[in-house]
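A.B. asks: Just so you know, the protein sequences line up as chains G and A, in that order. Under this note's numbering, think of the first position of the first sequence as 10, with each following residue one higher. Under this note's numbering, think of the first position of the second sequence as 4, with each following residue one higher. Using N, Cα and C, we set each Cβ at its ideal position, and we do this for glycine too. Remember, it's a predicted structure, so these values are computed and weren't measured experimentally.
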Amino acid sequence: MTAARSGWALWGDRLLLAVTVLVAILWLLPVIWVVAMSLKPNAVLQQSTWGFIPMPFTLENYANLLQLATVPRWLVNSLIVAVGMTLLVLVVSSLAGYAFARLQFPFKRAIFVLMIAGLMIPEQAVFLPLHQMFASWGIHNTHAALMMPRVAVPIGVFLMMQFFRAVPRELEEAAELDHASRFTIFWRIMLPLSVPALTTLGLFTFIHAWNDFLWPLVSATDADMYTVTVGLASIQGNFAFTEGLGSVMASAVFASLPIVLLFLIFQRFIVAGVAMSAGK
Amino acid sequence: MTASPQARSVPLAEPRTRAPRHRVRRRDWLTALLFLAPFMAVYLVLLVYPLFLGIWISFRDWDLMGGDYGWVGTLNYQDLWTDRNFWAAARNTLWFVALTVPSMTLIALLLALAVHGPGRIRAICRSVFFLSSVFSVTVVTLVWAMVLSPDRGLIAPVVQFLGGTPVNFLGSPTWAMPAIVVTTLWWGVGLPMALFLAALGSIPKELYEAAELDHASRWSVFWRITLPSIRHTLILVVVLQIVGQFQIFGQPFLMTQGGPANSTRTLVQYIYETSFRDWLVGYGAAMAMVLFVLMMLFSMLQLWLGRQGDDR
Numbered sequence: 010m011t012a013a014r015s016g017w018a019l020w021g022d023r024l025l026l027a028v029t030v031l032v033a034i035l036w037l038l039p040v041i042w043v044v045a046m047s048l049k050p051n052a053v054l055q056q057s058t059w060g061f062i063p064m065p066f067t068l069e070n071y072a073n074l075l076q077l078a079t080v081p082r083w084l085v086n087s088l089i090v091a092v093g094m095t096l097l098v099l100v101v102s103s104l105a106g107y108a109f110a111r112l113q114f115p116f117k118r119a120i121f122v123l124m125i126a127g128l129m130i131p132e133q134a135v136f137l138p139l140h141q142m143f144a145s146w147g148i149h150n151t152h153a154a155l156m157m158p159r160v161a162v163p164i165g166v167f168l169m170m171q172f173f174r175a176v177p178r179e180l181e182e183a184a185e186l187d188h189a190s191r192f193t194i195f196w197r198i199m200l201p202l203s204v205p206a207l208t209t210l211g212l213f214t215f216i217h218a219w220n221d222f223l224w225p226l227v228s229a230t231d232a233d234m235y236t237v238t239v240g241l242a243s244i245q246g247n248f249a250f251t252e253g254l255g256s257v258m259a260s261a262v263f264a265s266l267p268i269v270l271l272f273l274i275f276q277r278f279i280v281a282g283v284a285m286s287a288g289k
Numbered sequence: 004m005t006a007s008p009q010a011r012s013v014p015l016a017e018p019r020t021r022a023p024r025h026r027v028r029r030r031d032w033l034t035a036l037l038f039l040a041p042f043m044a045v046y047l048v049l050l051v052y053p054l055f056l057g058i059w060i061s062f063r064d065w066d067l068m069g070g071d072y073g074w075v076g077t078l079n080y081q082d083l084w085t086d087r088n089f090w091a092a093a094r095n096t097l098w099f100v101a102l103t104v105p106s107m108t109l110i111a112l113l114l115a116l117a118v119h120g121p122g123r124i125r126a127i128c129r130s131v132f133f134l135s136s137v138f139s140v141t142v143v144t145l146v147w148a149m150v151l152s153p154d155r156g157l158i159a160p161v162v163q164f165l166g167g168t169p170v171n172f173l174g175s176p177t178w179a180m181p182a183i184v185v186t187t188l189w190w191g192v193g194l195p196m197a198l199f200l201a202a203l204g205s206i207p208k209e210l211y212e213a214a215e216l217d218h219a220s221r222w223s224v225f226w227r228i229t230l231p232s233i234r235h236t237l238i239l240v241v242v243l244q245i246v247g248q249f250q251i252f253g254q255p256f257l258m259t260q261g262g263p264a265n266s267t268r269t270l271v272q273y274i275y276e277t278s279f280r281d282w283l284v285g286y287g288a289a290m291a292m293v294l295f296v297l298m299m300l301f302s303m304l305q306l307w308l309g310r311q312g313d314d315r
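What follows is the structure in structure tokens.
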């Protein structure tokens, strides 16, 4: 009886897995299709867009893209903004996270609550006043303007605090006996230990920065300062889909390449990060 | 750093178990100040201050170039009351949230249950379902505008093959919003799925072993063990989804520009257009505040409902 049951259960499992794989393939199909289109000549695409194998094959779309120079320029902007924002978030969050985890100071609880309350302020509630502030300072259309509003992320401080708290105190106490300064302890002992947490936070920040849309849309009005996300939006309207469908698809693939590579290399940190933030 | 369900409540101050040998000295809190200063400076100047500036602007006649034409009291808020475009945008946004949140939660849970477990195939499937969420909104909408296209898309040929007539999804006031919902599901399911996976992974194995001894069916194992164990994650996902989906902007802005017949113009798009096309920043700020309060109310309601369940 039990054997028969588990036999059925086994087949059930296999069937479920097969269905899951099928769904996964369907899930990926739009991506494969877009990559295929980006590798086909525009003349062919004007006849038909159907098909998942790029036959006839061409790299012309990508070559045109690099000649155009705008898309690579946007890519560089995105890289500068995303890397800059990531570094700033890591520095600011780990310092503050350490203070909340290990240091004693007056009004600690109140300051902590004030910080956590920031989690509830959505971007949409502040993007208009921020736009006005940055306009009056005259710093729109700079890389700094694109990254600064995203530097103070309470969740980053929270993650780092959680991580530092889990580090055994003994590791610091030895250094304290040697009269090492707080900063030395932080820099020499705590930071090297927190590479996994920093990687996770860094990855999420990078992906977020790369895909940011509303703020770069209103802040960067000069086409030279577009990030790749906003830039692509601008050619979706202009290029007209019929004219250079292959080129549009090639620019989408080109723009996604860095972030997809990053994801494939660091997947496990992303999963760990989700588990960590679920602990909140 | 494992996520246990118990750790979910926010620990405010850490319990000081050891005797306070070294009391808080002046130098200590000066150090703390230095550690906190960079974050707090950016936080106060670029998040807290703008929030209050936004409230201030919402009570004034203020244009995009920073022109301030004085205090208008609650006039901006009163105008909202009679602005049919605002109500249409609010209705569209709520409709989008109502369609997206339940389906996103359900699909994320189903996918998590399907890909949870050992094996290489499941690991690859996990990556595939998560992969779509690293794309930017521009790429996602580009892909789906193509997929949904009636003459060059992926769905139309299948419909034709089955003997139907292709629908111009994005050109139909009825179908445009559901099409945007489907796009959003494909884009956003990775994160809630990963949250569910983390929760499923932390359910004690003993519970399942006990159920197996009792010859419990899969169905009852799911309702009696799995679902109660991941309740907190379920609430977290729903709250995050509500707050997140209220902010919808990019998908309709890029796929339909709010059309056809304004059927997909959302609040954020209306705020954007009011401020950056019509220059009415004061009015836009008032709308942003309404959106903010709306989001807060819904997520608080959800948290409150969750707590009600705890008492039972």
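Can you tell me the Cβ-Cβ gap for Leu-188(A) and Ile-233(A), rounded? I've got them flagged as a contact below 8 angstroms.
C.D. replies: Taking 8 angstroms as the upper bound for CB-CB distance, Leu-188(A) and Ile-233(A) are not in contact here, some 20 angstroms apart.
A.B. asks: CA-CA distance, Phe-114(G) and Ala-35(A)?
C.D. replies: 7 angstroms
A.B. asks: Residues in the same chain with beta-carbon distance under 7 angstroms from Pro-5(G), minus the five sequence neighbours each way, listed in chain order, please.
C.D. replies: Nothing about residue 5(G) can be read from this structure; chain G reaches only from 10 to 289.
A.B. asks: Are any of the Cβ atoms in chain A nearer than 9 angstroms to that of His-140(G)?
C.D. replies: yes
A.B. asks: Report yes if the C-beta distance between Gln-254(A) and Thr-144(A) is below 9 angstroms; otherwise report no.
C.D. replies: yes
A.B. asks: If you follow the beta strand (DSSP E) that Arg-63(A) is part of, which residue opens it and which one closes it?
C.D. replies: Annotation: the continuous beta strand (DSSP E) that includes Arg-63(A) extends over 63–65.
A.B. asks: DSSP on Tyr-235(G), reduced to helix/strand/coil?
C.D. replies: coil
A.B. asks: Which of helix, strand or coil does DSSP assign to Gly-165(G)?
C.D. replies: helix
A.B. asks: Can you look up Asp-71(A) in the DSSP assignment and give me helix, strand or coil?
C.D. replies: strand
A.B. asks: Closest to Val-296(A) by C-alpha separation, out of Asn-220(G), Ser-265(G), Ala-134(G) and Gln-171(G), would be which residue?
C.D. replies: Comparing Cα-Cα distances from Val-296(A) to each of Asn-220(G), Ser-265(G), Ala-134(G) and Gln-171(G), the minimum goes to Ala-134(G).
A.B. asks: What residues in the stretch 210–226 of chain G bring their beta carbon closer than 7 angstroms to a beta carbon of chain A?
C.D. replies: Ile-216, Trp-219, Asn-220, Phe-222 and Leu-223
A.B. asks: List in chain order: all unbroken alpha helix (DSSP H) runs of 4+ residues lying wholly within the stretch 141–187 of chain G.
C.D. replies: 152–156, 163–175 and 179–186
A.B. asks: Using a C-beta cutoff of 9 angstroms, does Tyr-71(G) count as contacting chain A?
C.D. replies: no
A.B. asks: For Leu-283(A), name the three-state secondary structure that DSSP assigns.
C.D. replies: strand
A.B. asks: Along the stretch 132–157 of chain G, where does the CB come closer than 9 angstroms to a CB of chain A? Name the residues.
C.D. replies: Glu-132, Gln-133, Ala-134, Val-135, Phe-136, Leu-137, Pro-138, Leu-139, His-140, Gln-141, Met-142, Ala-144, Ser-145 and Met-157
A.B. asks: Say whether chain G places a C-beta atom closer than 9 angstroms to the C-beta of Tyr-46(A).
C.D. replies: yes
A.B. asks: Counting only beta-carbon separations shorter than 9 angstroms, does Phe-252(A) have a partner in chain G?
C.D. replies: yes
A.B. asks: By the criterion of Cβ-Cβ separation under 8 angstroms, what are the contact partners of Ala-288(A) in chain G?
C.D. replies: Leu-137 and Pro-138
A.B. asks: Just to check my reading of the structure: Met-169(G) and Ala-206(G) have Cβ atoms closer than 8 angstroms, yes? What is that Cβ distance to the nearest angstrom?
C.D. replies: 6 angstroms
A.B. asks: Can you list the alpha helix (DSSP H) stretches of 4 or more residues lying completely in the stretch 64–90 of chain G, in chain order?
C.D. replies: 69–77
A.B. asks: When you compare each of Leu-112(G), Ala-261(G), Val-239(G) and Leu-180(G) to Asp-31(A) by their alpha carbons, which one comes out closest?
C.D. replies: The candidate whose alpha carbon is nearest that of Asp-31(A) is Leu-112(G).
A.B. asks: Let's test the definition: count the other Cβ atoms within 10 Å of the Cβ of Tyr-72(A) and tell me whether it reaches 16, buried, or not, exposed.
C.D. replies: Answer is exposed; the Cβ neighbour count stays below 16.
A.B. asks: Take Gly-240(G) and list the residues in its own chain whose beta-carbon comes closer than 6 angstroms to its own, dropping the five residues that flank it on each side.
C.D. replies: Cβ within range, chain order: Trp-83.
A.B. asks: Between Leu-38(G) and chain A, is the shortest Cβ-Cβ distance under 9 angstroms, so that the two count as touching?
C.D. replies: yes
A.B. asks: Report yes or no: is there a C-beta of chain G within less than 9 angstroms of the C-beta of Thr-141(A)?
C.D. replies: So yes, Thr-141(A) belongs to the interface.
A.B. asks: Quick one: grab the DSSP three-state call for Arg-118(G).
C.D. replies: helix
A.B. asks: Counting pairs of Cβ atoms below 8 angstroms between the stretch 136–155 of chain G and the stretch 185–204 of chain G, do you hit three or more?
C.D. replies: The stretch 136–155 of chain G, when compared against the stretch 185–204 of chain G, does not touch it at the 8 angstroms Cβ threshold.
A.B. asks: Measuring CA to CA, which of Phe-116(G), Thr-209(G) and Thr-230(G) is closest to Gly-282(G)?
C.D. replies: Nearest of Phe-116(G), Thr-209(G) and Thr-230(G) to Gly-282(G), Cα basis: Thr-209(G).
A.B. asks: Using DSSP with H/G/I as helix, E/B as strand and the rest coil, what is Ile-228(A)?
C.D. replies: Three-state DSSP puts Ile-228(A) in a helix.
A.B. asks: Counting only Cβ pairs nearer than 9 angstroms, list the residues of chain A close to Arg-82(G).
C.D. replies: Going along chain A, no residue has its Cβ under 9 angstroms from Arg-82(G), so there is no contact; the nearest lies around 16 angstroms.
A.B. asks: Establish whether the CB of Pro-163(G) and some CB of chain A are separated by less than 9 angstroms.
C.D. replies: yes
A.B. asks: Taking the straight line between their C-alpha atoms, what separation do you get for Ile-95(A) and Ala-229(G)?
C.D. replies: A small fix is needed here, since residue 95(A) is Asn in this sequence, not Ile. Whole-angstrom Cα-Cα distance: 28 angstroms.
A.B. asks: Please list, in chain order, the chain G residues whose beta carbon lies closer than 7 angstroms to that of Leu-308(A).
C.D. replies: Result: empty, since nearest Cβ-Cβ is about 18 angstroms, beyond 7 angstroms.
A.B. asks: Considering only the beta carbon of each residue, do Phe-89(A) and Thr-267(A) sit closer than 9 angstroms?
C.D. replies: no
A.B. asks: Could you check whether Phe-279(A) and Val-240(A) sit closer than 9 angstroms to each other, using their CB atoms as the reference points?
C.D. replies: no
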